[in-house]
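This report refers to the structure that appears directly beneath it.
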Amino acid sequence: MKKIMVVTGTRAEYGLLKNVIRKIETSSKLELQLVVTGTHLVRKFGYTIKEIVDDGFNIVAKIDIVEGDGKSDIIKSMGKLMKEFVEIIEKFAPDILLVLGDRYEILSVSTVATIMNIPIAHIAGGEKTYGANDEQIRHAITKMAHIHFPEAAVYSKNIKNMGEQSFRIHQVGALGIENIKTVKLLNKQELYKELNILMDENTFLMTYHPTTLEHNNFEIDTVLEALSNFGNQIIVTYPNADNGGEYIIKKLEEYQKLHKNIKLVNSLGVQRYLSVMNLCTLVLGNSSSALIEAPYLKKPVINIGNRQEGRLMADNIICCAVDKKEIISAINYALTSKFKAICDKTNSLYGQGNTSSDIVKILEDLRIDEKLLKKKLEWE
1 MKKIMVVTGT
11 RAEYGLLKNV
21 IRKIETSSKL
31 ELQLVVTGTH
41 LVRKFGYTIK
51 EIVDDGFNIV
61 AKIDIVEGDG
71 KSDIIKSMGK
81 LMKEFVEIIE
91 KFAPDILLVL
101 GDRYEILSVS
111 TVATIMNIPI
121 AHIAGGEKTY
131 GANDEQIRHA
141 ITKMAHIHFP
151 EAAVYSKNIK
161 NMGEQSFRIH
171 QVGALGIENI
181 KTVKLLNKQE
191 LYKELNILMD
201 ENTFLMTYHP
211 TTLEHNNFEI
221 DTVLEALSNF
231 GNQIIVTYPN
241 ADNGGEYIIK
251 KLEEYQKLHK
261 NIKLVNSLGV
271 QRYLSVMNLC
281 TLVLGNSSSA
291 LIEAPYLKKP
301 VINIGNRQEG
311 RLMADNIICC
321 AVDKKEIISA
331 INYALTSKFK
341 AICDKTNSLY
351 GQGNTSSDIV
361 KILEDLRIDE
371 KLLKKKLEWE
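Going by this note's numbering, the residue at position 183 of the sequence shown is 183; the numbering climbs one at a time, nothing skipped.
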């Protein structure tokens, strides 16, 4: 059996990986080795390792690394993660490291795997996000990876244009779309029992992450000023533990004390997050989920700022600058019957939801040989 080591460091990442992890676990040809790190182990961010345990997965190792959100804190966390991950690799000797995305935790473990000659399978490469240093991290992981699972045709092309050989690239669609099709979504009454929040037809859903390539972290101030013009109930989830995240959390907590319509939740989990998205009237912020899952659910989206600049944008997405007037105008337009009619006709740009089965089948059939391990640049 091939030993597949999967590393997860955030709630969102785990939510996307869950179906893949389950199918690896039940495969007769693969052995799951699940490693948990990052904000999963931090109380402030919901201690989301509990969700992983509740899902019944066996965790072979935990690496507690988060010390703060300053740039030097993140680098220290990366160093600690790399040091401890070496020992985990030596102990469990995985055949393949499977990772998703573009965060510093994934860069750290991918670097270790590269030096220790462990082939890497990377989900969601080839994407572009010019507003965050995820951009550089994602492409760095692509150049370390041996197998690529991009989410759309244009991202496959981007990987090919980086000199990656065609046989390594497998376009599989987005795991977020598969989640919508496979997760049992909760109704208003069930969500009320879970969150003590009663959804209505005017509820907004917001997630706002730090834009790590900007010169300041004060964007959230402008966003909240714009939202003060709306009395809608707004369910807000915590940002990532990136540089500037602590400031965003502080501002959200202060804002919640003064505005009863704000419901701040440190982590919703996959089922509750998608259920809220399914029932809300508007999604706003700068999260990739608004660009991938929300179009499938045909929800109006306000994408604020340039954190996601470069990604595919469906017809249901309105992009605006971090400017109070622009945000207010965008929200008002998104709530019109004219724009909702546009959303109703929106099509997903990220596949139709067979992603995890395709990934696991490729891993099962993968030959770990010289052709796989010795990477070559190839341009047509």
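All C-beta atoms, glycine included, are put in the ideal place defined by N, C-alpha and C.
{"Check": "Per-residue burial, Gly245 [other beta carbons within 10 Å of its own, 16 or more giving buried]", "Outcome": "buried"}
{"Check": "Exposure of Ile118, with buried meaning 16 or more beta-carbon neighbours within 10 Å", "Outcome": "buried"}
{"Check": "Complete beta strand (DSSP E) runs within the region 105 to 158 (minimum length 3 residues, chain order)", "Outcome": "120 to 123, 147 to 149"}
{"Check": "For Ala93, three-class secondary structure by DSSP", "Outcome": "coil"}
{"Check": "Residues that DSSP places opposite Asn303 in a beta bridge", "Outcome": "Gly285, Cys319"}
{"Check": "Segment contact flag, the region 96 to 112 with the region 120 to 128, C-beta cutoff 8 angstroms, min 3 pairs", "Outcome": "yes"}
{"Check": "CB-CB length for Gly305 against Asn286, believed under 8 angstroms", "Outcome": "5 angstroms"}
{"Check": "Residue environment, Met1, which counts as buried when at least 16 other CB atoms sit within 10 Å", "Outcome": "exposed"}
{"Check": "Where Ser288 falls, given that 16 or more other Cβ within 10 Å makes a residue buried", "Outcome": "buried"}
{"Check": "Beta strand (DSSP E) runs contained entirely in the region 209 to 243, provided each spans 3 or more residues", "Outcome": "234 to 237"}
{"Check": "Proximal residues to Gly353 (C-beta, below 6 angstroms), its chain only, five neighbours per side dropped", "Outcome": "Ile177, Glu178, Lys181"}
{"Check": "Three or more C-beta pairs below 8 angstroms linking the region 7 to 19 and the region 36 to 45", "Outcome": "yes"}
{"Check": "For Ala334, the first and last residue of its enclosing beta strand (DSSP E)", "Outcome": "Unbroken run through Ala334 is the alpha helix (DSSP H), 324 to 334; no beta strand (DSSP E)."}
{"Check": "Contacts around Leu198, its chain only, beta-carbon distance under 6 angstroms, and the 5 residues preceding and following it disregarded", "Outcome": "Tyr192"}
{"Check": "Assumed close pair Pro295, Thr336 - CB separation to whole angstroms, cut-off 8 angstroms", "Outcome": "Incorrect: roughly 18 angstroms between the Cβ atoms, too far for contact."}
{"Check": "Beta-carbon proximity of Asp69 to Asp344, cut-off 9 angstroms", "Outcome": "no"}
{"Check": "Local Cβ density within 10 Å of Lys50, reported as buried at 16 or more and exposed below that", "Outcome": "exposed"}
{"Check": "Continuous beta strand (DSSP E) stretch holding Lys263: start and end", "Outcome": "262 to 265"}
{"Check": "With 16 other Cβ atoms within 10 Å as the buried cut-off, status of Ile115", "Outcome": "exposed"}
{"Check": "Residues bridged to Thr37 (per DSSP)", "Outcome": "Ile63"}
{"Check": "Ile75 classed as buried or exposed, judged by whether at least 16 other C-beta atoms fall within 10 angstroms", "Outcome": "exposed"}
{"Check": "Range covered by the beta strand (DSSP E) that runs through Lys3", "Outcome": "2 to 8"}
{"Check": "For Val360, the three-state DSSP class (helix, strand or coil)", "Outcome": "helix"}
{"Check": "Status (buried if at least 16 other CB within 10 Å, exposed otherwise) for Ser156", "Outcome": "buried"}
{"Check": "Segment limits, beta strand (DSSP E) that includes Thr182", "Outcome": "First-last for Thr182: 175 to 182, but that is the alpha helix (DSSP H), not the beta strand (DSSP E)."}
{"Check": "Three-state class that DSSP yields for Leu81 in the structure shown", "Outcome": "helix"}
{"Check": "Selected residue, minimal CA-CA separation from Lys338, among Asp315, Glu326, Asn229", "Outcome": "Asp315"}
{"Check": "Those residues which DSSP pairs with Ile169 across a bridge", "Outcome": "His148"}
{"Check": "Identified DSSP bridge partners for Thr203", "Outcome": "Answer is none; Thr203 lacks a bridge partner."}
{"Check": "Integer-rounded CB distance, given that Leu81 should sit under 8 angstroms from Val109", "Outcome": "7 angstroms"}
{"Check": "Rounded C-alpha distance that separates Ala267 from Phe45", "Outcome": "What sits at residue 267 in the sequence shown is Ser, not Ala. So the alpha carbons of these two residues sit roughly 6 angstroms apart."}
{"Check": "Proximity of Leu282 and Leu205 at Cβ, strictly below 9 angstroms", "Outcome": "yes"}
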